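Novice: Protein chains in written order, with the working numbering: chain A, 33 to 122; chain B, 1369 to 1569.
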C-alpha cells in the first residue's frame, strides 16, 4: 500500500476520514458531535486545513462566477418569448 | 408572486403570469440544457419545448417553493426526445479529463492538492477566474457537471437534487463530493500545466 500520508492520525481521526466527510462538513450536514471531532483534527492538521480551505474557495468562486455555461443570449430569449406568445394564443 | 402562484395563474390562462415565470427561470433552464447537451444547434428548440411543456402542464405543479426542480425534470425529458430525434447523427464528443472517472476519492484529493507543502501555493486567483472555472467544468464528466450546476449554481437542496437525478441521498452526496474534488483537481492540473509552459517560454 502506498504511503501517501492519508493514514496520518490526528486527534483520533485519520486524514482519509476527513477527506471522505469534507463535503458534508462544508455543507453543514454533519452532527454537532461529528463537527467537533473533525474540527479537533483540523486544529492539528495543516494539510487537511489547507485542503479544506482550497475546496471551499473553489466552490465559492464557482458560485460567485456562475461559470457553468454561457449566459442566455438576448436573441435566444426573444425567440423563446415570441414562440410562447404564439402557443399561448391557441 | 412566487412560483406556485405564477403557475397557478398560468394554469388559469394568465399569459402575463407565465411570462413573468419564464423571465425568472429562462437563464437557469438554458444553463441546465447547455450543461447537458452542449451548445448544440437545436438548443433554442429545447428551451422553447421546455417552457411550452411547462405552460401546458402548469396545473400539474404541486410544489410550494421554487419550481426549478420541476422545470429541470421537464428539460431532461425534452432532451431525451431530442436525443431520440438525433438517432443516426454522429455522437457528440464528451468532454474528457485525464483523471479517470473511476479514480478514488483519495486519488482525487491528492490530485487536487491535498498534502502539498505549506509554501506551495495551490490555486492562484487566475486559476479561479471565470474562464478557467468554465473550462474546468467542461472537462468534467457530464453527470458531475450536472450535479455541480444544480447544487452550486442553481441552489437546489440535496433532497431536490437527489429526486431530480433519481438517486438516493447517499448516492447524490457521493457524486457531489467526487465532482467537487474532481473540479479542484482539474483546476490544479491546468494551473500546473500553465506554470510549466511559463517556465519553458
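Even glycine gets a Cβ: it sits at the ideal position worked out from N, Cα and C.
Since this is a predicted model, take the numbers as computed values, not measurements.
Between residue 70 of chain A and chain B, is there a C-beta pair that is closer than 9 Å?
Specialist: One-based indexing of the first chain puts residue 70 of chain A at position 38. Chain B, which has no Cβ nearer than 9 Å to the Cβ of residue 70 of chain A, makes this no.
Novice: Starting from the C-beta of residue 1445 of chain B, find all residues in its chain whose C-beta is less than 8 Å away, skip the five residues before and the five after it, and write them out in chain order.
Specialist: Here the question's residue 1445 of chain B lines up with position 77 in the second chain. Answer for residue 1445 of chain B: 1421, listed in chain order.
Novice: DSSP state of residue 41 of chain A, grouped into three classes?
Specialist: Position 9 of the first chain, counting from 1, holds the residue named residue 41 of chain A. If DSSP states are grouped into helix, strand and coil, residue 41 of chain A belongs with the strands.
Novice: Could you name the residues of chain A that residue 1446 of chain B contacts, counting a contact when the two beta carbons are closer than 9 Å?
Specialist: Counting from 1 along the second chain, the entry for residue 1446 of chain B is found at position 78. Here the premise fails: no neighbours, minimum Cβ distance about 13 Å.
Novice: Could you name the residues of chain A that residue 1541 of chain B contacts, counting a contact when the two beta carbons are closer than 9 Å?
Specialist: Locating residue 1541 of chain B in the second chain gives position 173, where the first residue counts as 1. In chain order: 55, 56, 59 and 61.
Novice: List the residues of chain B whose Cβ lies closer than 8 Å to the Cβ of residue 43 of chain A, in chain order.
Specialist: Along the first chain, read from residue 1 onward, the residue named residue 43 of chain A stands at position 11. Within chain B, no residue comes near residue 43 of chain A; the closest Cβ sits about 18 Å away, beyond 8 Å.
Novice: Can you name, in chain order, every residue of its own chain whose Cβ lies under 6 Å from the Cβ of residue 1386 of chain B, other than the five neighbours on each side?
Specialist: The residue given as residue 1386 of chain B occupies position 18 in the second chain. Cβ within range, chain order: 1378 and 1423.
Novice: If we define contact as Cβ-Cβ less than 9 Å, is residue 1458 of chain B a contact residue for chain A?
Specialist: Here residue 1458 of chain B corresponds to residue number 90 of the second chain, with the count starting at 1. Unreliable placement is indicated for residue 1458 of chain B, whose pLDDT of 45 sits below 50; the coordinate value is still reported in the next sentence. For residue 1458 of chain B, the answer is no, since every Cβ of chain A falls outside 9 Å of its Cβ.
Novice: If I'm right that residue 1402 of chain B touches residue 116 of chain A with Cβ under 8 Å, what's the distance once you round it to whole angstroms?
Specialist: Stepping through the second chain from its first residue, residue 1402 of chain B is reached at position 34. Stepping through the first chain from its first residue, residue 116 of chain A is reached at position 84. So it is not a contact: roughly 20 Å between Cβ atoms.
Novice: Using the rule of at least 16 other Cβ atoms within 10 Å of the residue's Cβ for burial, across every protein chain shown, is residue 1416 of chain B buried or exposed?
Specialist: One-based indexing of the second chain puts residue 1416 of chain B at position 48. By the neighbour-count rule (16 or more Cβ atoms within 10 Å), residue 1416 of chain B is buried.
Novice: Would you give the residue range spanned by the alpha helix (DSSP H) that residue 118 of chain A belongs to?
Specialist: As a working mapping, residue 118 of chain A is identified with position 86 in the first chain. First-last of the alpha helix (DSSP H) with residue 118 of chain A: 106-121.
Novice: What are the start and end residues of each continuous alpha helix (DSSP H) run of 4 or more residues lying completely inside the region 1498-1534 of chain B, in chain order?
Specialist: List check, alpha helix (DSSP H) in window: 1498-1507, 1510-1516 and 1526-1533.
Novice: What does residue 46 of chain A pair with, by DSSP beta-bridge criteria?
Specialist: For the purposes of this step, residue 46 of chain A is taken as residue 14 along the first chain, with counting starting at 1. Beta-bridge pairing links residue 46 of chain A to A:41.
Novice: Exposed or buried, which one is residue 103 of chain A when buried takes at least 16 other CB atoms within 10 Å?
Specialist: Along the first chain, read from residue 1 onward, the residue named residue 103 of chain A stands at position 71. Residue 103 of chain A is exposed by the Cβ-count criterion.
Novice: Applying the criterion that 16 or more other CB atoms from any shown protein chain within 10 Å of the CB defines a buried residue, is residue 1522 of chain B buried or exposed?
Specialist: For the purposes of this step, residue 1522 of chain B is identified with residue 154 of the second chain, where counting begins at 1. Buried.
Novice: Going along chain A, which residues have a C-beta under 8 Å from residue 1555 of chain B?
Specialist: As a first step, residue 1555 of chain B is located in the second chain; it is residue number 187 there, counting from the start. By Cβ distance, chain A contributes 90.
Novice: Residue 90 of chain A to residue 1549 of chain B, Cα distance in whole Å?
Specialist: To locate residue 90 of chain A, count along the first chain from 1; it is residue 58. To locate residue 1549 of chain B, count along the second chain from 1; it is residue 181. Their backbone Cα atoms lie some 10 Å apart in a straight line.
Novice: Please work out which residues of its chain come closer than 7 Å, Cβ to Cβ, to residue 1432 of chain B, disregarding the five sequence neighbours upstream and downstream, and give them in chain order.
Specialist: As a first step, residue 1432 of chain B must be located in the second chain, where it is residue number 64. Answer for residue 1432 of chain B: 1372, listed in chain order.
Novice: So, does the CB of residue 1462 of chain B fall closer than 9 Å to a CB anywhere in chain A?
Specialist: Taking the first residue of the second chain as position 1, residue 1462 of chain B is located at position 94. Because the pLDDT of residue 1462 of chain B is 43, which lies under 50, any placement of that residue in the model is unreliable, and the number read from its coordinates should be weighed accordingly. Chain A contact via Cβ: absent.
Novice: With a 10 Å radius around its C-beta and 16 neighbouring C-beta atoms as the bar for buried, classify residue 1381 of chain B as buried or exposed.
Specialist: For the purposes of this step, residue 1381 of chain B is taken as residue 13 along the second chain, with counting starting at 1. Exposed is the call here.
Novice: Give a yes or no on whether the C-beta atoms belonging to residue 1504 of chain B and residue 1551 of chain B are separated by under 9 Å.
Specialist: Residue mapping note: residue 1504 of chain B aligns to position 136 of the second chain, counting from 1. Residue mapping note: residue 1551 of chain B aligns to position 183 of the second chain, counting from 1. Cβ atoms of residue 1504 of chain B and residue 1551 of chain B: closer than 9 Å.
Novice: Mapping the DSSP letters down to three states, classify residue 1418 of chain B as helix, strand or coil.
Specialist: In the second chain, the residue the question calls residue 1418 of chain B occupies position 50. Looking at residue 1418 of chain B - three-state DSSP - the assignment turns out to be helix.
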